[in-house]
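Visitor:
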DNA sequence: CGTTGTTTTGCAACCGCTTGCACGGCTTAT
DNA sequence: ATAAGCCGTGCAAGCGGTTGCAAAACAACG
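Protein chains in written order, with my numbering: chain A, 45 to 387; chain B, 45 to 387.
Below you can see the structure in the form of C-alpha cells.
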C-alpha cells in the first residue's frame, strides 16, 4: 500500500503537497497537481481513510443503531425500509454507514454506545427506542450528535427526532372503524415495552374516549409482532362472547394476518362479521386475502429525513435538535368494512 | 474526550502502560491495572478506535457490499436475511459492519471498492454479483479478503464463496413439477444480467433435457423480481394457447404471486389447472392464497457462513479461499399439484 | 550479598494524513 | 530599485493509539 510519502517522493514534492492535492485544497498550482496525480496514479495510491479520520477528527460515517432487535426484526418492513432511506441520503453526502446491532441486552447496548464513544462514527441514527433502558441520556452524555427515529419518552422531548405521530394516526384508524359503526374495537400491540406501543395505545384510548366508549381491558393485547401473537389475541378475546370485538387494529401486518386467519378458522367472515386493520402496509397486506387495510408508515422517508438532519448537523458541527413529524396514510383495502348489524 | 495520556498522567504511569491495560496485554501488574482502570473510569476514557485502527493496521470492520440494488431490493427477503446472518457473526467476533450500497452504476461500484482500498474495512462480503462489471478482478487486485455470497462466474472459480447451488435446486424444482406430470414448464427469472438467473435457467434446461423435453423459448421470461413482471410473463405465455405452460417456476415469491394473480384473473384454478412455485419462502408465500410452494434459500445461513469465513481469514491474515455450498429446501404448500389431464 | 532471571514499566519511533506557520519567489505599487 | 503583498510549497508538530527494545524493579538462588 503506497502512502502519501511514496507519492511525494515519486513526484518530487513534499508529502504535505500530496495531501493538499488529495484533499482538494485550492492552493496548489496546476502543474504540481498534475505531477502528483500522475505519480499517485502510477503507484495506485489511495488515501488512507483511517489516517485521515484520525487527523481530521471526523470519520464521515454515521452509525445506525438497533437497540432492540426482536425475533424477525430484520425481515419485518421497518429495518429494511429504514436502511433504504438511510443509504439514499448517506450516498448523496458521501457518508459511510456503520450498523450497530444489539439484541436489547444491556451489555450489547453499551457496546452500541462504544461505537460512537470510540469515535468510529460521527453520529447516530437510533431506532426502536425502548423504555427500559435510558439510552438517550447516555447518548446525551457522550455529546454525540444523534437523531431518533421515533419519538423519545416525554422526559427527553428536547432531543432530535423524526416521528410518524403514532398516537394521532392510531386515533385516526380507530375513528375510521368507529365511523363504520364499530363499537367494540381491539388493539393488538407489538411489544408493550417499546414506546410506540404506548403511543398507539394512547391514540386508541383517546379515540374511544372521545366517542364515549370505555374499552374493556380485554380488548387490549400484545402479540410481539408475530402471527401467532395475533391468533392468541383473537383466541383470548373470543372468550368474551358477545363482548368480543367486531374490529381489530394490529400494530403490524403479520399480527393482522394472524388475526384474520384465526377469525376465519372460527368461520367468521372478513369484513362482513369482523374488520381487521394492520400497520405498515407491507407486501403481506396487499396479497393477503382479503387484502388487508393497513396504516402505511413511511419509514424510509423518516429515515431519509433523520439522516439528512444528522449529517447536516455533523457538517455544521452542532447538535441536531429539530423535531419532525411525517404523515402516515391509511391504505384502504378489503379487510375492514361496516360493523355487522347488532343482534 | 480524554486520551490515553490523560489517563496516564492521572494514574501516574506512562501512556504505553495505559495502552497495554486497554488492549488486554498480560504483562501488567494487578495493582497498576487497577490504578489505570480507576483513572480511566474517573475520566470517562474510551480508547479511540480510529487511532487504534491506524496503529494496528486493521479496523475490525467488514463491509457488506451491495453491487446492484434493484427497485425494492432492501424489502425483498435477500438483503434483510443476509444482514441478520451477518450481524449474528460479527457481533460474536466483535467486528463492525460497514454497509456499502450502490445502485449498480459503475462509479458507485468504484466507490464501493474505495471503502476497502482506503482501509476502512478489513474485508468484504459481496452480494448480488452481476456479470457486466468485473468486480471480482478488481477486488483481487486490491488484495483485500472477500467472500462472495453466490458463486462467481466460471473465470473466477478460485475465489471464496458461499452459494446455494441454484442450478441444482432449480433442477430439483423442475423435477418436482415433472414428477407431477407437467410437461410444459415455464421459468420466470429475475434480472437476466445477474448470475443467479443464468444458473437457474441452466438448472431448468438440464432438468427438462434429462426428461427429454425441449422447452419452447417462450417459456422463459424475466420479471425483474416485481409482481408485474410475473403478470406480464403470464400474459405473454398465455398467447401460446395450448402450448401455454401448466406450471411456472419463478425466481422469487413476488413474481410467483403475480403469476398466480394473473392466472386467477383468467379463471384458471391453482393448482388444479396450473401449478406455481416460487423462490425464497418469504412470508408472502406462506400467506398467499393458495399458499405458495416455494424454494427456501437460507440466505441468513449463507451470510453467517460467509462472514465467519471472512473474519477467520482476516484474523489469520490470509486470503479466504474456501467454497461452500448450502442446501436449500423446497417448502411444499398448495400452489403446485398434479398436471391437469391432457385434453 | 552479589548474581541471575523474570516481571513490569518507560522510552520513542512509528501508523498515514492534516494544517498552521514560515519562507522563498514572483508580481505590483511606490 | 525597494517595499509590500500574494501564491505555492516545505517544515514539523500534531491526531491517539501500539509495540520492540531497554531499563528498572523485584524475586530467587547460591
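For each residue, glycine too, the CB sits at the ideal point set by N, CA and C.
In whole angstroms, what separates the C-alpha of residue 167(A) from that of residue 79(A)?
Guide: 37 Å
Visitor: When burial is assigned at 16 or more other CB atoms within 10 Å of the CB, is residue 276(A) buried or exposed?
Guide: buried
Visitor: Assuming residue 99(A) is part of the alpha helix (DSSP H), what are its boundary residues?
Guide: 93-100
Visitor: When you compare the CB of residue 316(A) with every CB in chain B, is at least one pair closer than 7 Å?
Guide: Not closer than 7 Å to any Cβ of chain B, the Cβ of residue 316(A) fails to qualify, so no.
Visitor: How about residue 133(A) and residue 352(A): are their beta carbons less than 7 Å apart?
Guide: yes
Visitor: List the endpoints of the continuous beta strand (DSSP E) containing residue 63(A).
Guide: Residue 63(A) -> not in any beta strand (DSSP E); alpha helix (DSSP H) instead, spanning 59-66.
Visitor: Strictly under 7 Å for the Cβ-Cβ distance: is residue 98(B) near chain A by that measure?
Guide: yes
Visitor: Would residue 87(A) and residue 124(A) be called neighbours here (beta carbons separated by less than 7 Å)?
Guide: no
Visitor: What is the residue span of the beta strand (DSSP E) that residue 319(A) lies within?
Guide: Annotation for residue 319(A): the continuous beta strand (DSSP E) segment containing it runs 319-323.
Visitor: Count the other C-beta atoms from every protein chain shown that fall within 10 angstroms of the C-beta of residue 62(B), then say buried if there are 16 or more, exposed otherwise.
Guide: Residue 62(B) counts as buried, since at least 16 other C-beta atoms from the protein chains shown sit within 10 angstroms of its C-beta.
Visitor: Just the C-alpha distance for residue 271(A) and residue 143(B), rounded to the nearest angstrom, thanks.
Guide: 30 Å
Visitor: Locate the beta strand (DSSP E) running through residue 207(B), then write down its first and last residues.
Guide: Boundaries of the beta strand (DSSP E) around residue 207(B): 205-207.
Visitor: Would you decide whether residue 105(A) is buried or exposed? Buried here means 16 or more other CB atoms lie within 10 Å of its CB.
Guide: buried
Visitor: Could you pull out every residue in the same chain whose Cβ sits closer than 6 Å to the Cβ of residue 382(B), ignoring the five residues on either side in sequence?
Guide: Hits under 6 Å: 224, 225.
Visitor: Fully enclosed by the segment 111-162 of chain A, which beta strand (DSSP E) runs are 3 residues long or longer?
Guide: 140-144
Visitor: Using a Cβ-Cβ cut-off of 7 Å, state whether residue 163(B) counts as contacting chain A.
Guide: yes
Visitor: For the ligand ADP, any of its heavy atoms closer than 6 Å to the Cβ of residue 47(A)?
Guide: Here there are no bound small molecules, and the ligand ADP is not part of this structure.
Visitor: Taking only beta-carbon atoms, is residue 127(B) less than 7 Å away from chain A?
Guide: yes
Visitor: Output needed for residue 385(A): all residues of its chain with C-beta closer than 8 Å, excluding positions within five of it in sequence on either side, in chain order.
Guide: none
Visitor: How do the segment 356-364 of chain B and the segment 337-347 of chain B stand: do at least 3 beta-carbon pairs fall below 8 Å, yes or no?
Guide: no
Visitor: Pick out whichever of 107(B), 136(B), 129(B) has its Cα sitting closest to the Cα of residue 165(B).
Guide: 107(B)
Visitor: Do residue 376(A) and residue 337(A) have their C-beta atoms within less than 7 Å of each other?
Guide: Between residue 376(A) and residue 337(A), the CB-CB gap stays under 7 Å.
Visitor: Let me check one thing: in DSSP terms, what residues is residue 373(B) bridge-paired to?
Guide: 340(B)
Visitor: Tell me, please, which residues DSSP counts as bridged to residue 108(B).
Guide: 143(B), 169(B)
Visitor: Would you tell me roughly how many angstroms separate the C-alpha atoms of residue 249(B) and residue 259(B), rounded to the nearest one?
Guide: 8 Å
Visitor: For the segment 102-136 of chain B, which residues have a beta carbon sitting closer than 7 Å to at least one beta carbon of chain A?
Guide: 103, 118, 119, 121, 123, 124, 125, 127, 128, 131, 135
Visitor: Helix, strand or coil: which one does DSSP assign to residue 367(A)?
Guide: strand
Visitor: Entirely within the segment 205-267 of chain A and at least 3 residues each: give me those beta strand (DSSP E) ranges in chain order.
Guide: 205-207, 229-233, 264-266
Visitor: Report yes if the CB atom of residue 239(B) is closer than 7 Å to the CB atom of residue 262(B), and no otherwise.
Guide: no
Visitor: What does DSSP give as the partner residue(s) for residue 193(B) in the beta ladder?
Guide: 206(B)
Visitor: When you compare only the Cα positions, how much space is there between residue 269(B) and residue 296(B)?
Guide: Each residue's Cα considered, the two are about 6 Å apart.
Visitor: I need the straight-line Cα distance from residue 128(B) to residue 72(A), nearest angstrom please.
Guide: 47 Å
Visitor: By the DSSP assignment, the beta strand (DSSP E) with residue 294(A) in it spans what residues?
Guide: Unbroken beta strand (DSSP E) run through residue 294(A): 291-294.
Visitor: So, for residue 214(A): in the same chain, excluding its five sequence neighbours on each side, which residues have a beta-carbon less than 6 Å away from its beta-carbon?
Guide: Cβ neighbours of residue 214(A) beyond the five flanking positions: 244, 247, 248.
Visitor: Is residue 343(B) close to chain A, meaning its C-beta is less than 7 Å from at least one C-beta of that chain?
Guide: no
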